[in-house]
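Protein sequence lines, in the order shown, are assigned to chains D and C. If you use this note's numbering, the first sequence corresponds to residues 1 to 334, in order. If you use this note's numbering, the second sequence corresponds to residues 335 to 668, in order. Every residue gets a Cβ at the ideal spot worked out from N, C-alpha and C, and that includes glycine.
Number of protein chains: 2
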Amino acid sequence: MDIRDIAAKSGYGVGTVSRVINDQPNVSDRARERILAVMAELGYEPNSNARYLKMRSQTPVAVFVMGVGNRMFDDILGPLQAALAREGEQIVVTYLNGDVDEVRTAIDYQQARHPKGMVFLGGELESFRASFHEIETPSVLVTADASQLGFANLSSVTIDNVSAARSAVGHLLERGHRRIGIVGGNRAGGQIGELRLRGAEQALHEHGIELDYERDFEPCDFIEVGGYEATRRLLERSGDLTAVFALGDVVAFGALRAIVDRGLSVPGEVSLVGFDDTAFSQYAVPRITTVRQDAARLAERAAQLLLDALRDGSPATHELVDFELVERESVRSL
Amino acid sequence: MDIRDIAAKSGYGVGTVSRVINDQPNVSDRARERILAVMAELGYEPNSNARYLKMRSQTPVAVFVMGVGNRMFDDILGPLQAALAREGEQIVVTYLNGDVDEVRTAIDYQQARHPKGMVFLGGELESFRASFHEIETPSVLVTADASQLGFANLSSVTIDNVSAARSAVGHLLERGHRRIGIVGGNRAGGQIGELRLRGAEQALHEHGIELDYERDFEPCDFIEVGGYEATRRLLERSGDLTAVFALGDVVAFGALRAIVDRGLSVPGEVSLVGFDDTAFSQYAVPRITTVRQDAARLAERAAQLLLDALRDGSPATHELVDFELVERESVRSL
DNA sequence: TTCTCGCTTGGAAACGTTTCCAATTCCTGT
DNA sequence: ACAGGAATTGGAAACGTTTCCAAGCGAGAA
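Next up, the structure:
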């Protein structure tokens, strides 16, 4: 069924029908009414491919979520969608679980549809350096720092991960902790993990302690089981740890369980600080001290950056949003 | 840039170029090579709108996630994407957070693009009865029961929620609990909550107890804060509760916190059982007894049903997958 | 040489829209 | 009654592909 069918049946021309469909002026009420009626009667649906073809218009903003199961991303996704929707921009999200080929395919696929813009949630972007440099679609990285990654063509909004991690570990240090284990940040070298690790190292260094990677650091993916296993190994290796810094709340969740499984209590024997301030750290028993990354604000700024680029063609920008150490119940003073 | 530009520059006709693009036979190696070279040189990218228009082909499978932040959905999404990808089907996911208008818009939008198929994750479908009846795109509901909802045109895969809930509450009953509070399932009447509630009621009934909705039931959304608030209210109202059944693990997470905040211990003073078996219940302290809903299997079956419908036009089917009560540490025998 | 047959190739038509321009109709003021 | 302008309308052209049919070509058979 065609716009021509509608035209024929309604007695008007295709031009008029098209104008009705697109809510354009210069159509008499009579015509509009009649045409709408016929469309309803025939159950007509415009063909969006033809439409997009003709309008040279683009498909909605494509959002890529790098890693499923990290609550932080869920928290960002909602506000992001809301902020974009407010300006009439639809989003289409693709979930990626890290496999390089999969990511490539997905990005290529979406790129081929010429999305208006793209948003990347999450950090394991290193392997895509090559593909990313070619991107000219307005794009923003959320939670990862494009400038540090060397993508001058992409915007990004993130917190200062190294400072944030430094303050988290600093907090532990101020409370008298000296033997601090660090868990999270995956081996492959995700940017986020790396930056947070660097912050931790700095804090330690400022207190005259050099981080012993071999002994006090255990990498893992940002997923509960990763945190659990990594912490288990860490604890096994160095029993004298008095605190654990998890590079993400999901990881902290696993860590908490691992600590308890070892017969230790939090914060009684081992203190724990997380990162992100997702629902987990707010509701866990005990409530977890963590670094708050404001998901809503991140999302909002990302949306704004994208919108700016879409509307005025604003150049790629890098933006930092504030973080905040939120003290709860999982850290004990020594 | 056009397929015609490629044709002109390569010295071949558009037909041949098109055949090269689509990897079709009947093209000499010489031609193929030359055309590929020109395409690379000019950085040509086929216009997918034109292509889809002409091929009357459809956009990828659209997945709708009804409610962001419920870990269960994340757990399903990964395997679902994987299973579909294995058969070459891409997915595009839309996140919905329950607002009726938003859902309508999103579904309309995706429908207009004529997706090959659709998948709905989650249950608050009641308000869309009208729209759903008109769907003729192969679609499957995951986690919700299409037949009970009266959508003969949709497939669905789910567990038997009422039996599962019955066994969960039965477990509590067998352990001697008599004063059981139920929390979760939202007021608006999501199917899932309703079914689980019914199962709980049955179990109680079988033990000669009639559920007092006013006193022992507190509805809430499937989100941590909902579980927290609802449980707080419940506990305030009836202090003699000896167990709480949360209609979802996320809810149980909030419930656990609320119980502890009241100075009660789990399972010492209050036992807790959840539903879903997401990472939360496995890693929580204490580990939560819950009803296992096999996310991977759910996803796999859903993918298969959809694929069948896509390939052979198999009719809508309703499928049940097994559930399992997994006993952990949050239930005490009285 | 001539015929056939199979592989390549070219290009017009079609997919379902929007857009633009020209044509028509309808008012309004004189 | 009529001119002139505004509002409405019709329909051809164009968007960038794929598809189909006809045509070209060469090689092997007769």
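Contacts that residue i makes with chain C (C-beta to C-beta distance below 9 Å)
i, result
"proline 46 (chain D)", "Ala446"
"arginine 257 (chain D)", "Gln616, Tyr617, Ala618, Val619 and Arg621"
"threonine 94 (chain D)", "Gln415, Gln424, Ile425, Val426 and Val427"
Interface partners of residue i on chain C, CB under 7 Å
i, result
"asparagine 49 (chain D)", "Asn383, Tyr386 and Leu387"
Coarse secondary structure for residue i, derived from DSSP in three states
i, result
"valine 585 (chain C)", "helix"
"aspartate 276 (chain D)", "strand"
"phenylalanine 485 (chain C)", "coil"
"phenylalanine 407 (chain C)", "helix"
"alanine 498 (chain C)", "helix"
"arginine 626 (chain C)", "strand"
"threonine 576 (chain C)", "coil"
"threonine 393 (chain C)", "strand"
"threonine 565 (chain C)", "helix"
"threonine 137 (chain D)", "coil"
"leucine 256 (chain D)", "helix"
"methionine 1 (chain D)", "coil"
"proline 79 (chain D)", "helix"
"valine 65 (chain D)", "strand"
"histidine 318 (chain D)", "strand"
"serine 352 (chain C)", "helix"
"valine 183 (chain D)", "strand"
"isoleucine 493 (chain C)", "strand"
"glutamate 300 (chain D)", "helix"
"valine 266 (chain D)", "coil"
"tyrosine 429 (chain C)", "strand"
"glutamate 45 (chain D)", "coil"
Distance between beta carbons of residue j and residue i, contact taken as under 8 Å
i, j, result
"histidine 505 (chain C)", "valine 607 (chain C)", "7 Å"
"serine 344 (chain C)", "valine 361 (chain C)", "No, serine 344 (chain C) and valine 361 (chain C) are not in contact; Cβ-Cβ is about 12 Å, not under 8 Å."
"aspartate 249 (chain D)", "aspartate 277 (chain D)", "7 Å"
"leucine 256 (chain D)", "glycine 181 (chain D)", "Leucine 256 (chain D) to glycine 181 (chain D), Cβ: 13 Å. No contact."
"leucine 641 (chain C)", "glutamate 421 (chain C)", "6 Å"
"valine 142 (chain D)", "alanine 302 (chain D)", "5 Å"
"leucine 488 (chain C)", "alanine 650 (chain C)", "6 Å"
"arginine 626 (chain C)", "glutamate 658 (chain C)", "4 Å"
"arginine 509 (chain C)", "glutamine 536 (chain C)", "The pair is not a contact, with the Cβ atoms about 18 Å apart (cut-off 8 Å)."
"glutamine 445 (chain C)", "leucine 483 (chain C)", "18 Å between Cβ atoms; not a contact."
"valine 426 (chain C)", "threonine 94 (chain D)", "7 Å"
Closer than 8 Å at the beta carbon, the chain C residues around residue i
i, result
"glycine 69 (chain D)", "Arg405, Asp408, Asp409, Gly412 and Ala613"
Chain C within 9 Å of residue i, Cβ atoms only
i, result
"glutamate 102 (chain D)", "yes"
"alanine 85 (chain D)", "yes"
Cutoff 9 Å: residue i Cβ touching any chain D Cβ
i, result
"alanine 440 (chain C)", "yes"
"valine 354 (chain C)", "no"
Partners in chain D for residue i, counting only beta-carbon separations shorter than 8 Å
i, result
"glutamate 558 (chain C)", "Ala279, Gln282 and Tyr283"
"tyrosine 562 (chain C)", "Tyr283"
Chain D contact residues for residue i, given Cβ-Cβ distances below 7 Å
i, result
"tyrosine 443 (chain C)", "Gln90"
Relative to chain C, which residues along the segment 166–198 of chain D have a C-beta separation below 7 Å, given in chain order? none
Which residues of the segment 569–600 of chain C have a Cβ closer than 7 Å to any Cβ of chain D? Give them in chain order. Within the segment 569–600 of chain C, the residues whose Cβ lies closer than 7 Å to some Cβ of chain D are Phe587, Gly588, Leu590, Arg591 and Val594, listed in chain order.
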